[in-house]
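**Student:** In the numbering used here, the protein residues as written are 1 to 575.
Quick reminder that beta carbons are idealized off the backbone N, C-alpha and C, glycines included.
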Ligand code: PEP
Ligand code: MG
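#1: Is it the case that the region 427 to 441 contacts the region 396 to 404, given that we only count it when at least three CB pairs across the two stretches are under 8 Å?
#2: For residue 553, which residues does DSSP report across the bridge?
#3: Which same chain residues end up closer than 8 Å to residue 45 when comparing Cβ atoms and leaving out the 5 residues on each side of it in sequence?
#4: Which residue marks the beginning of the beta strand (DSSP E) containing residue 477, and which one marks its end?
#5: With burial defined as no fewer than 16 other Cβ atoms inside 10 Å of the residue's Cβ, what is the status of residue 175: buried or exposed?
#6: Between residue 68 and residue 97, what straight-line distance do the alpha-carbon atoms span, to the nearest angstrom?
#7: Sorted by chain position, which residues of the same chain lie with C-beta nearer than 6 Å to residue 131's C-beta, five sequence neighbours on each side aside?
#8: Output the distance between the C-alpha atoms of residue 485 and residue 271, rounded to the nearest integer angstrom.
#9: Quick check: the region 253 to 266 against the region 509 to 517, are at least 3 beta-carbon pairs closer than 8 Å?
#10: Three-state secondary structure (DSSP) at residue 397?
#11: Compute the Euclidean distance between the alpha carbons of residue 415 and residue 294, then round it to the nearest angstrom.
#12: On a CA-only basis, which of 19, 323, 12, 538 is nearest residue 191? Give me that one, please.
#13: Taking residue 463 as part of the alpha helix (DSSP H), name the residues at either end of that continuous run.
#14: Output the residue ranges of the alpha helix (DSSP H) runs that lie fully inside the region 171 to 255 and measure 4 residues or longer, sorted by chain position.
#15: Within this structure, are the beta carbons of residue 182 and residue 145 separated by less than 8 Å?
#16: Give me the Cβ distance between residue 374 and residue 448, rounded to the nearest whole Å; I'm assuming they're in contact under 8 Å.
#17: First and last residue of the beta strand (DSSP E) that includes residue 315?
#18: Leaving out five residues before and five after residue 18 in sequence, what residues of the same chain have Cβ atoms less than 7 Å from its Cβ?
#19: Would you mind working out which of 161, 296, 124, 88 sits nearest residue 135, comparing C-alpha positions?
#20: In whole angstroms, what separates the C-alpha of residue 16 from that of residue 309?
#21: What would DSSP say about residue 95, mapped onto helix, strand or coil?
#22: Relative to the C-alpha of residue 305, which candidate in 290, 324, 338, 296 has its C-alpha closest?
#23: Could you name the residues of the same chain whose beta carbon sits closer than 6 Å to that of residue 421, not counting the 5 residues immediately before and after it, in chain order?
#24: Among residues of its own chain, excluding the 5 on either side of residue 164, which ones have a beta-carbon nearer than 7 Å to its beta-carbon?
#25: Looking at residue 472 and residue 388, is the spacing between their C-beta atoms short of 8 Å?
#26: Which residues are close to the ligand MG, meaning CB closer than 5 Å to any heavy atom, in chain order?
#27: Leaving out five residues on either side along the sequence, give the residues of the same chain with a beta carbon under 8 Å from the beta carbon of residue 418.
#28: Within the same chain, show all residues whose beta-carbon is closer than 6 Å to that of residue 352, passing over the 5 residues directly before and after it, in chain order.
#29: Excluding the 5 residues preceding and the 5 following residue 405 in the sequence, name in chain order all residues of the same chain whose CB lies nearer than 7 Å to its CB.
#30: Helix, strand or coil for residue 469? Go by DSSP, reduced to three states.
#31: So, is the C-beta of residue 573 closer than 8 Å to a C-beta in chain C?
#32: Please classify residue 348 as buried or exposed, where buried requires at least 16 other C-beta atoms within 10 Å of its C-beta.
#33: Let me check understanding here. Comparing Cα to Cα, which of 209, 296, 107 lies closest to residue 230?
#34: Nearer than 7 Å: is that true of the beta carbon of residue 296 relative to any heavy atom of the ligand PEP?
#35: For residue 61, I'd like the list of residues in its chain whose CB is within less than 8 Å of its CB, leaving aside the five on either flank, ordered along the chain.
And the structure:
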C-alpha cells in the first residue's frame, strides 16, 4: 500500500506512530418483541436510567480527577438530561400506546434529537448529539450490554473514528491511546478541547476519506501540531516522525527543566507567561508547567452547571481555593461571560438571531446587577491576602466600563458598611475583544487599570466570522492583517497611557504568533497551561530587536497566508 497523506485541523500537539484502531460504535438493535404491561416496561426504563446515572457519575468522577471539573461538566449535563421532562414524557406516552421500553426510547430520542438538529444552530446541533449519546447509553443498559465504548482497544493505538462523543473521549485509556483522528469536528469541538487538556495528540475534521483509507491495524503516523496524518507510512517516513517525536520530547524536557525560571527575552526584558484556567485542578497543572500567574480565570462554568446561579459562598470557596494554589502570583478573574453560545437556563433569554451579537457578558451583568454584585462580593472577599484582579468581558465603550466600575465601588461600600473583610486594592481591567474597544483603548484607559486582548472574539468580530462555525473555519484567521493592526494599536495606545497589556485569546499560546506579539511589546501572554514551557523557551530565544524586525516584516504583508508563510520560515530557526 503506497503512503498517503491526509490533512486535517490540528487539534492537539504531539506525534503518534502506531497501528489504527477503527472505532465503530456497536450497533444496538432493538429486539422485535411484544410489549409487556406499560408498568413493567416503564419500570425497566426507570431501572436503566438509574444504571445510566451510576455509569455517568463514574465517568464524571474519573474525568474530573484526570482533567478537572470543567471537563467533567458534560457528564453532569448528561445526567441532567436523564431527567429531561420532554424525553421522559414522550417515552411514557409511547409506552402507554403499546411500545416496548426500547422502542419508545429510540423513537423519543430520535424525535428530540431531530428537532434540535433541525434548528440550524451549532449549539442545538451539539445538544442533539448529547441526546443521542444519552439515549444510546440507556438503550445499551436496557439490552443488558456492558459499557464497552473503546474498551476493545488492547494495544497502544491511534483511534480513528467518524466522531467521538464526550463519553467516548472520556473512556479513552491514556496509556493505550497514542492519538486520535476524526472525520468531523473542529478546533472547539469537545473532543479537541479534551485532547489538549489530556495531552493526547489529535487531528479533527479529516473528512470522509479518513475512513475510506484506513482499516484495522493500518500503520499510521500523526503530527497533531501540523494536522498531518500519514497512512501506511514508508520506513523512511516513520524514521522522520520518530526523529521529530524524539526531538520534541527532548526539547520538551529541556524546556520543562527551566519552567520555573521567569520568562525573559534574550536581552533580559521581563514578560509574564500566565495560564488560562477554569477551575482548581487546572490551577495545579498551570503551576506545574511554570505559569507565573493566571491571565484568565473563566468563571462561566459556575453559571452553567446548575439550574440556578451559584451562591456567593460557593463562588467564594472556589475563588479562594484557586488563589491559594497560585500563592502570591497574580490571578485575573473574569466576571461572568455567559450568553452568546453559553446561555444558562435561569435567565430570560430572548430568541436571538445573532447570540454572539446579543445579550452577552458585561451586557448581562449590567442588566442583572444583583447577579453581578454577588460575583464581585465573592471575588473581593476571597481576594483578601492574595494578588487578585477583576476583568470585564466584551466591553465596547467607556459608559459600560464606568457603570461596571460603579457597581464594584458600590459593592465595596456595602461590604465596608457591613464590616465584612475584603480586599480593597484590586485592579480592575477589561478584555479587548470587540473592535470598538481596540480602537478606543486611549479613551478606556481612563477607567481601566490594565487590558487583556481576547483574540478569539476579536477575530470573530473583526472578520465577521463565527468562531464556532466549521463551515467558515478557514476564514477564522487571528493572524489576519486587520486583526494584527488592532492588536498593535491596542498595545501602543495602552502603553502610551501607562497601562500594561496582556493577551488571553488562543493566539497568545501559538508559537507562530509569539515573535510578532513580543515585537509589538506585549507584556503578558496567557495560554493553555501545557503550552507554557514552549512559549517561555521561545521568548528566551528572541531579542526584542529581532522580535521587532519580525513584527515589522509581518505587518508589511497584506494577507494572513503571506504572514503565516513568512513566520513559518522564520520560526524554523528557533523551535
Ligand atoms: C477571547 O475571546 O479571546 C477569550 C479569551 O474569551 P473566550 O474565549 O472565553 O470568549
Ligand atoms: Mg471572549
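**Tutor:** Once the coordinates are examined:
#1: yes
#2: Along the chain shown, one-based indexing puts residue 553 at 553. In the DSSP output, where bridge partners are listed per residue, residue 553 has none listed.
#3: For this step, residue 45 is matched to residue 45 along the chain shown. These residues qualify, in order along the chain: 91, 95, 101, 104, 105, 138, 142.
#4: Counting from 1 along the chain shown, the entry for residue 477 is found at position 477. Taken as a continuous stretch (DSSP letters only), residue 477 belongs to no beta strand (DSSP E), as it is neither H nor E.
#5: Looking up residue 175 in the chain shown gives position 175. Residue 175 comes out exposed.
#6: By 1-based counting over the chain shown, the position of residue 68 is 68. By 1-based counting over the chain shown, the position of residue 97 is 97. Taking the straight line joining both Cα atoms gives about 44 Å.
#7: Reading the chain shown from its first residue, position 131 is the one you call residue 131. Excluding residues within five positions, the ones whose Cβ falls inside 6 Å are 109, 112, 113.
#8: Working through the chain shown from its first residue, we reach residue 485 at position 485. Working through the chain shown from its first residue, we reach residue 271 at position 271. Their backbone Cα atoms lie some 21 Å apart in a straight line.
#9: no
#10: Working through the chain shown from its first residue, we reach residue 397 at position 397. Here residue 397 sits in coil by DSSP.
#11: Here residue 415 is taken as the residue at index 415 of the chain shown, counted from 1. Here residue 294 is taken as the residue at index 294 of the chain shown, counted from 1. So the alpha carbons of these two residues sit roughly 26 Å apart.
#12: For this step, residue 191 is matched to residue 191 along the chain shown. The shortest C-alpha separation from residue 191 is found at 12.
#13: In the chain shown, residue 463 corresponds to position 463, counting from 1. From DSSP, the alpha helix (DSSP H) with residue 463 extends over 455 to 463.
#14: 190 to 198, 209 to 213
#15: In the chain shown, counting from the first residue as 1, residue 182 sits at position 182. In the chain shown, counting from the first residue as 1, residue 145 sits at position 145. Not closer than 8 Å, so no.
#16: In the chain shown, counting from the first residue as 1, residue 374 sits at position 374. In the chain shown, counting from the first residue as 1, residue 448 sits at position 448. In fact, because the Cβ distance is near 23 Å, the residues do not count as touching under 8 Å.
#17: Here the question's residue 315 lines up with position 315 in the chain shown. Element bounds for residue 315: not the beta strand (DSSP E) but the alpha helix (DSSP H), 312 to 326.
#18: Working through the chain shown from its first residue, we reach residue 18 at position 18. 156, 157, 158, 178, 220.
#19: The count along the chain shown starts at 1 and reaches residue 135 at position 135. Of the candidates 161, 296, 124, 88, the one whose C-alpha sits nearest the C-alpha of residue 135 is 88.
#20: For the purposes of this step, residue 16 is taken as residue 16 along the chain shown, with counting starting at 1. For the purposes of this step, residue 309 is taken as residue 309 along the chain shown, with counting starting at 1. Approximately 42 Å between the Cα atoms of the pair.
#21: In the chain shown, counting from the first residue as 1, residue 95 sits at position 95. Note: residue 95 maps to helix in three-state DSSP.
#22: In the chain shown, counting from the first residue as 1, residue 305 sits at position 305. The shortest C-alpha separation from residue 305 is found at 338.
#23: For the purposes of this step, residue 421 is taken as the residue at position 421 of the chain shown. Here the set comprises 384.
#24: As a working mapping, residue 164 is identified with position 164 in the chain shown. Within the same chain, residue 164 has close Cβ partners 180, 182, 191.
#25: The sequence position of residue 388 within the chain shown is 388, counting from 1. The sequence position of residue 472 within the chain shown is 472, counting from 1. No. Outside cutoff.
#26: 433, 454, 457
#27: Residue numbering aside, residue 418 sits at position 418 when the chain shown is read from its first letter. Taken in chain order, the list of residues that qualify is empty.
#28: Start at 1 with the first residue of the chain shown, and residue 352 comes out as number 352. If we look at residue 352 and ignore the five residues flanking it on each side, its Cβ neighbours are 358.
#29: Counting from one through the chain shown, the residue named residue 405 turns up at place 405. Around residue 405: 428, 447.
#30: In the chain shown, counting from the first residue as 1, residue 469 sits at position 469. It is coil, neither helix nor strand.
#31: The question asks about chain C, but that chain is absent: this structure has only one protein chain.
#32: Along the chain shown, read from residue 1 onward, the residue named residue 348 stands at position 348. Counting Cβ neighbours within 10 Å, residue 348 comes out exposed, since fewer than 16 surround it.
#33: Locating residue 230 in the chain shown gives position 230, counting from the first residue. If we check each option's Cα against that of residue 230, 209 comes out closest.
#34: Counting from 1 along the chain shown, the entry for residue 296 is found at position 296. True, at least one ligand heavy atom lies under 7 Å from that Cβ.
#35: Within the chain shown, the letter at position 61 stands for residue 61. These residues qualify, in order along the chain: 72.
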